[in-house]
Amino acid sequence: AQTRLEIQNLHREIGVTSLFVTHDQVEAMTLAQRMIVMNGGRMEQFGTPEEVYTRPASTFVAGFIGSPPMNLLQHAPGGREGLLLGIRPEHIDIGEEGWSLTVHAVELLGGERLIHARLGEEPVVIRTHEDQGAPATGSQIRAKPREDRLHWFDATTGLRR
16 AQTRLEIQNL HREIGVTSLF VTHDQVEAMT LAQRMIVMNG GRMEQFGTPE
66 EVYTRPASTF VAGFIGSPPM NLLQHAPGGR EGLLLGIRPE HIDIGEEGWS
116 LTVHAVELLG GERLIHARLG EEPVVIRTHE DQGAPATGSQ IRAKPREDRL
166 HWFDATTGLR R
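Here the sequence shown stands for residues 16 to 176, where the numbers follow our numbering.
Written out as C-alpha coordinates, the structure is:
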(Lines of atoms letter the chains of each structure in order from A and count residues from 1; the text may use other names and numbers.)
(Lines give C-alpha, C1' and ligand atoms only; values in the text may rest on other atoms or scores of the structure.)
Protein backbone atom coordinates (compact mmCIF):
# COMPACT_ATOMS: atom_id res chain seq x y z
CA ALA A 1 0.00 0.00 0.00
CA GLN A 2 2.83 2.39 0.83
CA THR A 3 4.51 1.81 -2.54
CA ARG A 4 1.23 2.53 -4.35
CA LEU A 5 0.90 5.83 -2.50
CA GLU A 6 4.49 6.76 -3.39
CA ILE A 7 3.90 5.96 -7.07
CA GLN A 8 0.68 7.99 -7.02
CA ASN A 9 2.45 11.00 -5.47
CA LEU A 10 5.40 10.74 -7.86
CA HIS A 11 3.08 10.58 -10.87
CA ARG A 12 1.17 13.63 -9.64
CA GLU A 13 4.38 15.61 -8.97
CA ILE A 14 5.98 14.84 -12.33
CA GLY A 15 2.74 15.43 -14.23
CA VAL A 16 3.56 13.33 -17.29
CA THR A 17 1.59 10.63 -19.03
CA SER A 18 2.84 7.21 -18.01
CA LEU A 19 2.06 3.58 -18.68
CA PHE A 20 2.04 1.23 -15.71
CA VAL A 21 1.79 -2.49 -16.39
CA THR A 22 0.65 -4.78 -13.60
CA HIS A 23 -1.09 -8.08 -13.01
CA ASP A 24 -2.31 -6.79 -9.65
CA GLN A 25 -5.89 -5.54 -9.94
CA VAL A 26 -5.58 -3.49 -6.75
CA GLU A 27 -2.62 -1.59 -8.21
CA ALA A 28 -4.49 -1.05 -11.46
CA MET A 29 -7.64 0.17 -9.72
CA THR A 30 -5.84 2.53 -7.35
CA LEU A 31 -3.19 3.97 -9.67
CA ALA A 32 -4.91 4.26 -13.03
CA GLN A 33 -6.89 7.12 -14.45
CA ARG A 34 -7.67 4.83 -17.37
CA MET A 35 -7.05 1.11 -17.55
CA ILE A 36 -7.04 -1.71 -20.08
CA VAL A 37 -7.95 -5.24 -19.08
CA MET A 38 -6.14 -7.76 -21.28
CA ASN A 39 -7.09 -11.39 -21.87
CA GLY A 40 -4.73 -13.61 -23.83
CA GLY A 41 -3.05 -10.62 -25.45
CA ARG A 42 -6.36 -9.04 -26.49
CA MET A 43 -8.06 -6.01 -25.01
CA GLU A 44 -11.24 -6.95 -23.15
CA GLN A 45 -12.10 -3.47 -21.87
CA PHE A 46 -10.77 0.09 -21.72
CA GLY A 47 -12.12 2.70 -19.32
CA THR A 48 -11.75 4.34 -15.95
CA PRO A 49 -11.33 1.96 -13.01
CA GLU A 50 -14.86 2.86 -11.90
CA GLU A 51 -16.32 2.12 -15.36
CA VAL A 52 -14.51 -1.22 -15.56
CA TYR A 53 -15.70 -2.20 -12.07
CA THR A 54 -19.30 -1.01 -12.36
CA ARG A 55 -19.93 -2.00 -16.01
CA PRO A 56 -17.68 -4.92 -16.93
CA ALA A 57 -17.72 -5.60 -20.68
CA SER A 58 -17.50 -9.37 -20.29
CA THR A 59 -17.58 -12.24 -17.85
CA PHE A 60 -13.77 -12.28 -18.00
CA VAL A 61 -13.58 -8.68 -16.74
CA ALA A 62 -16.35 -9.33 -14.18
CA GLY A 63 -14.40 -12.28 -12.82
CA PHE A 64 -11.01 -10.57 -12.92
CA ILE A 65 -11.79 -7.18 -11.36
CA GLY A 66 -13.05 -7.20 -7.79
CA SER A 67 -12.11 -9.17 -4.73
CA PRO A 68 -14.00 -11.35 -4.40
CA PRO A 69 -15.06 -11.31 -8.06
CA MET A 70 -18.58 -10.83 -9.35
CA ASN A 71 -20.98 -13.74 -8.87
CA LEU A 72 -21.93 -15.18 -12.28
CA LEU A 73 -25.06 -17.32 -12.15
CA GLN A 74 -26.61 -19.40 -14.89
CA HIS A 75 -29.67 -20.61 -12.99
CA ALA A 76 -30.70 -17.69 -10.78
CA PRO A 77 -34.43 -17.22 -10.12
CA GLY A 78 -35.71 -14.63 -12.56
CA GLY A 79 -32.83 -15.39 -14.91
CA ARG A 80 -33.10 -15.11 -18.66
CA GLU A 81 -32.58 -17.88 -21.20
CA GLY A 82 -29.09 -17.79 -22.71
CA LEU A 83 -27.85 -15.16 -20.26
CA LEU A 84 -25.72 -15.19 -17.14
CA LEU A 85 -26.69 -12.99 -14.22
CA GLY A 86 -23.81 -11.04 -12.70
CA ILE A 87 -24.00 -9.46 -9.24
CA ARG A 88 -21.19 -8.15 -7.04
CA PRO A 89 -20.97 -9.65 -3.51
CA GLU A 90 -21.62 -6.23 -1.92
CA HIS A 91 -24.84 -5.80 -3.92
CA ILE A 92 -26.68 -8.73 -2.33
CA ASP A 93 -28.65 -8.03 0.84
CA ILE A 94 -29.53 -10.65 3.44
CA GLY A 95 -33.10 -10.33 4.68
CA GLU A 96 -36.52 -11.93 4.87
CA GLU A 97 -37.08 -12.39 1.15
CA GLY A 98 -35.16 -13.29 -1.98
CA TRP A 99 -33.13 -16.31 -2.94
CA SER A 100 -32.94 -19.28 -0.59
CA LEU A 101 -29.25 -20.02 -0.02
CA THR A 102 -27.33 -22.62 1.97
CA VAL A 103 -24.35 -21.22 3.88
CA HIS A 104 -21.13 -23.20 3.37
CA ALA A 105 -18.57 -20.94 5.06
CA VAL A 106 -18.17 -17.51 6.64
CA GLU A 107 -14.93 -15.51 6.55
CA LEU A 108 -14.37 -12.67 9.00
CA LEU A 109 -12.21 -9.98 7.38
CA GLY A 110 -11.97 -7.33 10.06
CA GLY A 111 -14.92 -4.99 9.54
CA GLU A 112 -16.69 -7.21 7.04
CA ARG A 113 -17.65 -10.80 6.38
CA LEU A 114 -17.73 -12.92 3.26
CA ILE A 115 -20.55 -15.42 3.31
CA HIS A 116 -19.97 -18.33 0.94
CA ALA A 117 -23.27 -19.94 0.04
CA ARG A 118 -24.95 -21.98 -2.65
CA LEU A 119 -27.98 -21.23 -4.77
CA GLY A 120 -28.78 -24.77 -5.85
CA GLU A 121 -25.41 -25.95 -7.16
CA GLU A 122 -24.06 -22.48 -7.96
CA PRO A 123 -21.70 -20.69 -5.57
CA VAL A 124 -22.69 -17.23 -4.33
CA VAL A 125 -20.50 -14.91 -2.26
CA ILE A 126 -22.09 -12.12 -0.20
CA ARG A 127 -20.14 -9.30 1.45
CA THR A 128 -21.69 -8.00 4.70
CA HIS A 129 -20.61 -5.72 7.53
CA GLU A 130 -19.37 -7.30 10.76
CA ASP A 131 -22.30 -5.85 12.72
CA GLN A 132 -24.81 -7.88 10.69
CA GLY A 133 -23.86 -11.08 12.46
CA ALA A 134 -22.77 -14.32 10.89
CA PRO A 135 -25.12 -17.08 9.81
CA ALA A 136 -24.15 -20.60 10.88
CA THR A 137 -22.51 -22.93 8.40
CA GLY A 138 -25.18 -25.22 6.97
CA SER A 139 -28.02 -22.78 7.69
CA GLN A 140 -30.53 -21.48 5.17
CA ILE A 141 -30.64 -17.74 4.56
CA ARG A 142 -32.58 -15.43 2.28
CA ALA A 143 -30.73 -12.91 0.16
CA LYS A 144 -31.88 -10.49 -2.49
CA PRO A 145 -29.75 -8.92 -5.22
CA ARG A 146 -30.20 -5.20 -5.72
CA GLU A 147 -32.18 -4.89 -8.96
CA ASP A 148 -30.33 -1.74 -10.06
CA ARG A 149 -26.99 -3.57 -9.78
CA LEU A 150 -27.76 -6.61 -11.95
CA HIS A 151 -25.53 -7.32 -14.96
CA TRP A 152 -26.46 -9.58 -17.86
CA PHE A 153 -23.95 -11.43 -20.04
CA ASP A 154 -24.39 -13.65 -23.07
CA ALA A 155 -23.88 -17.22 -21.82
CA THR A 156 -22.07 -18.23 -25.03
CA THR A 157 -19.83 -15.24 -25.80
CA GLY A 158 -19.51 -13.85 -22.27
CA LEU A 159 -20.16 -10.34 -23.57
CA ARG A 160 -22.30 -7.79 -21.74
CA ARG A 161 -25.92 -7.51 -22.95
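Don't be surprised by glycine CBs; every beta carbon is placed ideally from N, CA and C.
Reduced DSSP secondary structure (H/G/I, E/B, other) of residue i
i: GLN155; result: strand
i: PRO160; result: strand
i: GLN60; result: strand
i: LEU165; result: coil
i: GLU127; result: strand
Beta-bridge pairing of residue i - partner residues as DSSP gives them
i: ARG103; result: In DSSP, ARG103 forms no bridge with anything.
i: ASP108; result: LYS159
i: LEU174; result: SER73
i: THR143; result: ARG128
Limits of the unbroken alpha helix (DSSP H) element including residue i
i: GLU136; result: Where GLU136 is concerned, there is no enclosing alpha helix (DSSP H), given that its DSSP letter is neither H nor E.
i: LEU46; result: 40-46
i: LEU25; result: 17-29
Range covered by the beta strand (DSSP E) that runs through residue i
i: ALA246; result: Only positions 16 to 176 of the chain appear in this structure, which leaves residue 246 out of reach.
i: ILE51; result: 50-54
Of the residues the options, the one placed nearest residue i, counting alpha carbons only
i: GLY101; options: GLY173, GLU21, GLN23 and LEU20; result: GLY173
i: ILE141; options: GLY148, ARG27 and LEU129; result: LEU129
i: PRO83; options: PRO71, ALA16, GLY93 and ARG103; result: ARG103
i: ILE22; options: GLY81, GLY55 and THR45; result: THR45
i: HIS166; options: VAL36, LEU87 and ALA43; result: LEU87
i: ALA132; options: THR152, LYS159 and LEU98; result: THR152
i: GLY110; options: GLY135, LEU123, PRO64 and GLN147; result: GLN147
i: ARG27; options: GLN89, TRP114, GLN48 and VAL41; result: GLN48
i: GLY56; options: VAL118, HIS38 and ALA170; result: HIS38
Residue i beta carbon near the ligand MG (any heavy atom closer than 8 Å)
i: PHE35; result: The ligand MG is absent from the structure shown, which contains no ligands of any kind.
>> Going residue by residue through the stretch 68-101, where are the continuous alpha helix (DSSP H) segments of at least 4 residues, counting only ones entirely within it?
In response: 74-79
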